[in-house]
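*Asks:*
Residue numbers (this note's numbering), protein chains in the order written: chain U, 1 to 371; chain Y, 372 to 742.
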């Protein structure tokens, strides 16, 4: 197929369902498929911006919900925006806060205008509306802002999913009409749970609004892996080829590869960093828990096929020791490796798509994708 | 004065009481005065070896007590020694374990042969003797090993201090007679509390044994700062000029400068890294607690006179946020700065002594030493 060039996205080539694209954002281009490490509170846990770049990170995600509560808009604006605050010069995508308001254990009251909730930090009351959430993201300087959505935990009754779709579309309409800023592109979020008709309705209503990009939300929230893959594939097919597609909350090797195969371009997940903090390493031979007794005397690197600084400097035995001795260096070194590993998987996926070798890559035994 | 050249130490020059020297160790030379960051369990908390080098660290300290219990001799030997295990290629000094056995809240039984104690980790019984502690340090590849000593918490009755001196000397005699390894030099530890006569006795008995270096132990254990400085000065005067002198457990700017003035060459303390983990920064304008409300919106660097990567990359506001949000990046960035700062103080002190400007440096208002 020929190249499709959009405002914020170019679809460079396809191989089967997999897409090779490029996002054009205010802080630079992002080659897709691309994984975004999560920096919830303006920090990818344990890692510096320099290390994120070294680990081949192109874009990070931060959370409107957390940043709104702490440090807050005033601090972020005084610092010259989120990029300068956290010393990250590459693109940032900010989540809208919808997911956190509906998933964190905080009191909330939903109405057509927005959602009123109590901070999980101090119980103070706050209100998100379609408009103020987009304005917040624009003012802190996000490259990609997400519209406020209603995210439902699965399984859920159909009426609840239908109401979530209705409100998400209504809010998206208001977000699209709100004042915009050239440096921030706005992505809408398709909801609808596992119901094909609701997904179709949600996608249709949002596509009509012609957003620069679309996310598939409401997955990785309680359904099985097979249900998630099937729904992601069906939903991706409802979205325009020329717009970037972002599957929210996906970060395991198996899910990433399956989602790329569904035609998804962007991903985020705390998985690599959370696993890293807990002693789980993502490797070419599968996941490895450094607490396992077999690694105490193991002089080999975490992943012999990895060339990151953790793998070229330290042994499994040393990492096992750091975790047992509760040395903070352990979580830091494993988080670095996991981010490096997932970013590397994306590099390999992009190269495979470019060369028309996607199917081989996806199925190749012994490669990362076999995990 | 002319240069004094010893086996493990060269005294290059003196300026007043302050000494400028060079330790010759198996993993390289160490310019003195020198501060050693503490890597208790084979890790300087939160920092990589590469960062320690970048922060101008010449030598780190590790603890026999902790390493003996975890990961243990077998793991360290299997890894090819402590240097390879922790990926640190510069010199390492290991403490003997005496201080930990007598200061940690563990059961212990002291006899002329050694000390039997229960691990603080799992209650298992272990025994340190003059011989096995030195052997352990040699086998893990320490550049500088410390003899087993009896460290007494102050204030203490004279009989207890006297008994500590007696045993410390007896153990030092046995350590000196134990098998030696060319790559590991052995330092003895002067005890005696704040009692001048006991300090004199301890120093005399140890100097007779002609160790390659001497530490002043039993300070920073409950006495006042003035008592500590007075005792360090008096004890240093009892030690031979040609041997390096190491004051154990000292790490604040004021104490370091006072101790250099007493003629001390080497120091170690958890102070810079512990402060860093707790949000306290050591700066040219004194100590700064990032939890202080005034720093929340502060766009200036931690220490405007510092050129470390923490100070040139992040604002006080961002660091304050990281600590409030419990982001592990905060402790890491502050620990790095504090180690960089203390190592920088040592660089400046060495330069001042070389140029005959020690007194000016020590008293200079506005310099780090004014803190």
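The beta-carbon is built from N, C-alpha and C at its ideal position, and this holds for glycine as well.
For clarity, every value in this text was computed on a predicted model and none was experimentally measured.
1) Hey, how far is the Cα of residue 577 of chain Y from the Cα of residue 682 of chain Y?
2) Going by Cα to Cα distance, which pick from U:174, U:136, U:188 is closest to residue 81 of chain U?
3) Any idea if residue 212 of chain U is buried or exposed, counting beta-carbon neighbours within 10 angstroms, 16 or more meaning buried?
4) Can you pull the chain Y neighbours of residue 322 of chain U, defined as C-beta to C-beta under 7 Å?
5) Got a sec? Which residues, its chain only, sit under 6 Å from residue 479 of chain Y by beta carbon, not counting five neighbours each side?
6) Between the segment 693 to 703 of chain Y and the segment 32 to 52 of chain U, do at least 3 Cβ pairs fall closer than 8 Å?
7) Less than 8 Å between the CB atoms is what I'm expecting for residue 165 of chain U and residue 192 of chain U, so what's the real figure, rounded?
8) Using the rule of at least 16 other Cβ atoms within 10 Å of the residue's Cβ for burial, across every protein chain shown, is residue 656 of chain Y buried or exposed?
9) Going along the segment 209 to 233 of chain U in order, which residues come within less than 8 Å of chain Y, judged by CB to CB distance?
10) So with CB distances below 8 Å, who are the chain Y contacts of residue 314 of chain U?
11) Under 8 Å between C-beta atoms, does residue 318 of chain U make it to chain Y?
12) Does chain U have any CB closer than 8 Å to the CB of residue 641 of chain Y?
13) Around the Cβ of residue 408 of chain Y, are there at least 16 other Cβ atoms within 10 angstroms (buried) or fewer (exposed)?
14) Closer than 9 Å, Cβ to any Cβ of chain U: which residues of the segment 658 to 678 of chain Y, in chain order?
15) Which ranges would you report for the beta strand (DSSP E) in the segment 66 to 106 of chain U if only whole runs of at least 3 residues count?
16) Using C-beta distances below 8 Å, list every residue in its chain close to residue 336 of chain U, excluding the 5 sequence neighbours before and after it, in chain order.
17) Compare the C-beta of residue 441 of chain Y with all C-beta atoms of chain U and state if any pair is closer than 8 Å.
18) Could you work out which residues of chain Y lie near residue 251 of chain U, taking near to mean beta carbons separated by less than 9 Å?
19) For residue 434 of chain Y versus residue 465 of chain Y, is the C-beta distance shorter than 8 Å?
20) CB-CB under 7 Å to residue 252 of chain U, same chain, minus the five flanking residues each way: which ones, in chain order?
21) So, at 7 Å on beta carbons, what are the nonlocal neighbours of residue 158 of chain U in its own chain, with the 5 sequence-adjacent residues on each side left out?
22) Please name the residue, chosen from U:42, U:61, U:17, U:7, that lies closest to residue 249 of chain U on a Cα-to-Cα basis.
23) Leaving out the 5 sequence neighbours to the left and right, which residues in its chain are closer than 6 Å to residue 499 of chain Y when beta-carbon positions are compared?
24) Could you tell me whether any non-hydrogen atom of the ligand HEM is closer than 7 Å to the CB of residue 682 of chain Y?
25) For residue 226 of chain U versus residue 174 of chain U, is the C-beta spacing smaller than 8 Å?
26) For the segment 416 to 440 of chain Y, which residues have a beta carbon sitting closer than 9 Å to at least one beta carbon of chain U?
27) Determine the chain Y residues that contact residue 282 of chain U at a beta-carbon separation under 8 Å, and present them in chain order.
28) Can you confirm whether the segment 634 to 641 of chain Y touches the segment 662 to 673 of chain Y when touching is taken to mean that 3 or more C-beta pairs between the two stretches lie within less than 8 Å?
29) From the DSSP output, which residues share a beta bridge with residue 488 of chain Y?
30) Does residue 737 of chain Y pass the burial test, meaning 16 or more other C-beta atoms within 10 Å, or should it be called exposed?
31) Determine the burial state of residue 495 of chain Y: buried for a count of at least 16 other Cβ atoms within 10 Å of its Cβ, exposed for fewer.
32) Rounded to whole angstroms, what is the Cα-Cα separation between residue 391 of chain Y and residue 304 of chain U?
33) Count the other C-beta atoms from every protein chain shown that fall within 10 angstroms of the C-beta of residue 663 of chain Y, then say buried if there are 16 or more, exposed otherwise.
34) What number of angstroms, rounded off, separates the C-alpha of residue 75 of chain U from the C-alpha of residue 684 of chain Y?
35) Could you check which residue in Y:629, Y:532, Y:514 has the C-alpha nearest to that of residue 397 of chain Y?
36) Would you tell me roughly how many angstroms separate the C-alpha atoms of residue 599 of chain Y and residue 630 of chain Y, rounded to the nearest one?
*Replies:* Based on what the coordinates show:
1) Residue 577 of chain Y and residue 682 of chain Y: Cα-Cα distance of roughly 44 Å.
2) Ranking U:174, U:136, U:188 by Cα distance to residue 81 of chain U puts U:136 first.
3) Residue 212 of chain U should be labelled buried.
4) What residue 322 of chain U touches in chain Y: 414.
5) Hits under 6 Å: 472, 486, 488.
6) At 8 Å Cβ cutoff, the stretches touch.
7) Confirmed, Cβ separation roughly 5 Å.
8) Residue 656 of chain Y sits exposed, since fewer than 16 C-beta atoms from the chains shown fall within 10 Å of its C-beta.
9) If the cut-off is 8 Å between Cβ atoms, the segment 209 to 233 of chain U has nothing near chain Y.
10) Neighbours of residue 314 of chain U across chain Y, judged by C-beta separation under 8 Å: 458.
11) It does: the Cβ of residue 318 of chain U has a partner Cβ on chain Y nearer than 8 Å.
12) Taking Cβ atoms only, chain U never reaches closer than 8 Å to residue 641 of chain Y, which makes this a no.
13) Burial is judged here by how many other beta carbons sit within 10 angstroms of a residue's own beta carbon; residue 408 of chain Y has at least 16 and is buried.
14) Correct list: 667, 668, 670.
15) Complete beta strand (DSSP E) runs here, min 3: 92 to 95.
16) The answer, listed in chain order, is 46, 47, 51, 55, 276, 308, 309, 310.
17) Interface residue, yes.
18) In chain order: nothing, as chain Y lies at least about 19 Å away.
19) Residue 465 of chain Y sits close to residue 434 of chain Y, with the two beta carbons spaced by under 8 Å.
20) Counting only Cβ-Cβ distances below 7 Å, and skipping sequence neighbours, we find 271.
21) The answer, listed in chain order, is 195.
22) Proximity to residue 249 of chain U across U:42, U:61, U:17, U:7 peaks at U:61, based on C-alpha coordinates.
23) Here the set comprises 468, 485, 486, 519.
24) In the structure shown, the ligand HEM is absent, as is every other ligand, since no ligand is present at all.
25) For residue 226 of chain U and residue 174 of chain U, no; Cβs fall outside 8 Å.
26) With the criterion set as a beta carbon lying under 9 Å from some beta carbon of chain U, the members of the segment 416 to 440 of chain Y are 416, 417, 418, 419, 420, 421, 437, in sequence order.
27) For residue 282 of chain U, no chain Y residue has a C-beta closer than 8 Å to its own C-beta; the minimum C-beta separation is roughly 19 Å.
28) No, the segment 662 to 673 of chain Y is not in contact with the segment 634 to 641 of chain Y.
29) In DSSP, residue 488 of chain Y forms a bridge with Y:479, Y:497.
30) Any answer about residue 737 of chain Y is weak, because its pLDDT of 46 lies below 50 and its placement is not dependable; what the coordinates show is given next. A residue is called buried once 16 or more other Cβ atoms fall within 10 Å of its Cβ, and residue 737 of chain Y, having fewer, is exposed.
31) Exposed, since its Cβ has fewer than 16 Cβ neighbours within 10 Å.
32) In a straight line, the C-alpha of residue 391 of chain Y is about 45 Å away from that of residue 304 of chain U.
33) By the 10 Å Cβ count, residue 663 of chain Y comes out exposed.
34) Roughly 17 Å separates the two Cα atoms.
35) Ranked by Cα distance from residue 397 of chain Y, the first of Y:629, Y:532, Y:514 is Y:514.
36) Computed Cα separation, rounded: 9 Å.
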